[in-house]
Amino acid sequence: MKKILITGAGGYIGTQMVEYFLENGYEVIALDKYLFGNTLKDLQGHPNLTIVKDDIRYFDKILLAGVYAVIDLASISNDPSSELLPSITMDINRDGAIRVATLAKEMGVKKFIFSSSCSIYGAGDGILNEESPVAPISVYAKCKIAAEENIIGLADENFSVTFLRNATVYGLSTRRMRFDLIINIMTLNAWKNNKVTIMGQGNQWRPLVHVIDVIRAFELVVKEQDINKINGQAFNVGSNEQNFQVFQVAERFKTLFPEITVEAKQENADPRSYHVNFDKIAKVLNYKTTRTIDDGIMEVRKALADNKVSDGITTRTVEYYKQLMSEGEPVF
Ligand SMILES: NC(=O)c1ccc[n+]([C@@H]2O[C@H](COP(=O)([O-])OP(=O)(O)OC[C@H]3O[C@@H](n4cnc5c(N)ncnc54)[C@H](O)[C@@H]3O)[C@@H](O)[C@H]2O)c1
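Our numbering puts the first residue of the sequence shown at 9, with every later residue one more than the last.
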């Protein structure tokens, strides 16, 4: 049984990923500060799961003994949170990631897989692939690039390094839901207020991907036997068909739910716009996405209706972080 260590295991992607890898016969170490609470509590006691509450900046490297692959998800995980906490974001997202990779190599881990982001393309022109210039806009994106640039140097024939640059994720994750991601927030607002809102003209391009499809991409890298295909490589994770302009996403909601209104607000238009090409992961790893945005919208809507998720403060990352800080405890 292969042992994997997942950092950020208590988050939106991480909690789903832990369950997925356990179901697929892996032994999992779930390392996280659990900023969003004891999100893995329903999996506690699983014979192949070890839950470790610790910080990627400080944990003892002995935890990595016997680990086959490290999946590094831990981070301050969106642009507004990184602007709220710029130096903490650099400590965690850049230096923390470099630390995890360095210790993993030292401890004989075979594969290091980093959760990067298509947002590193920032405000890029044309259709962007892994060779395109990066144009980061936020501290968040700058840290992803800096982490990639530093960690690549650790790659060698015994230590495989892969960067998965995820599109913006959507879909259900009941243990730590995020209602600050475009599809999820629009689904919430359509369900609750019969309204979706776009900022500015909504012309910005966003590639989108379902959370389960993100996890499947990580699994492919964990399973890949031919190290030459993955070592030192970056892959955009998503599919060419799921590049949308924001207004097209809003139109999709209107088609699915004709009763809703689409509101256009002129302030705060997000300057990020990136139309991304996903041919490399399809060709090299034979990767195909399995879910569409309609699937994500419908499953999240159903979960809201069935009371499986609600829009509490922990679902809105930057607001939750602000609340934690206002409580005066040293959180980060
Ligand atoms: N969700 C997306 O749309 C998306 C897109 C591209 C990339 N990513 C990347 O995927 C990863 C996971 O994203 P997510 O949406 O699950 O975010 P999330 O905020 O739900 O999860 C991040 C987790 O990291 C933990 N964490 C933060 N600082 C830590 C530290 N110092 N030590 C240990 N744990 C710490 C938090 O407690 C949290 O559980 C992140 O690296 C993010 O940048 C996400």
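Glycine residues also receive a C-beta, built at the ideal position from the N, C-alpha and C atoms.
Q. What's the call for residue 87, buried or exposed, on a 16-neighbour Cβ count within 10 Å?
A. buried
(Q) Distance check for residue 10 and residue 303, CA to CA, integer angstroms please. (A) 31 Å
Q: Just list the alpha helix (DSSP H) runs in the stretch 121-165, keeping only unbroken ones of 4 residues or longer that don't cross its boundaries, in chain order.
A: 147-159
Q: Report whether the distance from the Cβ of residue 44 to the nearest heavy atom of ligand 1 is below 7 Å.
A: yes
**Q.** Option in 135, 53 and 227 with minimal Cα separation from residue 79
**A.** 227
Q: State the start and end residues of the unbroken beta strand (DSSP E) segment that holds residue 79.
A: 77-80
Q.
Tell me the rounded alpha-carbon separation between residue 215 and residue 267.
A. 26 Å
**Q.** Buried or exposed by the 16-neighbour rule on C-beta atoms within 10 Å, applied to residue 233
**A.** exposed
Q | residue 91 - containing beta strand (DSSP E), residue span | A | Residue 91 -> not in any beta strand (DSSP E); alpha helix (DSSP H) instead, spanning 87-92.
Q. Is residue 15 near ligand 1, with its Cβ less than 7 Å from a heavy atom?
A. yes
Q: Could you spell out the range, first to last residue, of the beta strand (DSSP E) harbouring residue 216?
A: 213-218
Q) Which whole-angstrom value is the C-beta distance of residue 83 and residue 101, which I expect to be below 8 Å? A) 5 Å
Q.
Going by beta-carbon coordinates alone, are residue 253 and residue 201 separated by less than 8 Å?
A. no
Q.
I'd like to confirm the pairing. Which residues does DSSP put opposite residue 204 in its beta bridges?
A. 270
Q | Coarse secondary structure for residue 198, derived from DSSP in three states | A | helix
**Q.** Alpha-carbon spacing of residue 28 relative to residue 219, whole angstroms
**A.** 11 Å
Q.
Just to confirm before moving on: does the CB-CB distance between residue 197 and residue 205 stay below 8 Å?
A. yes
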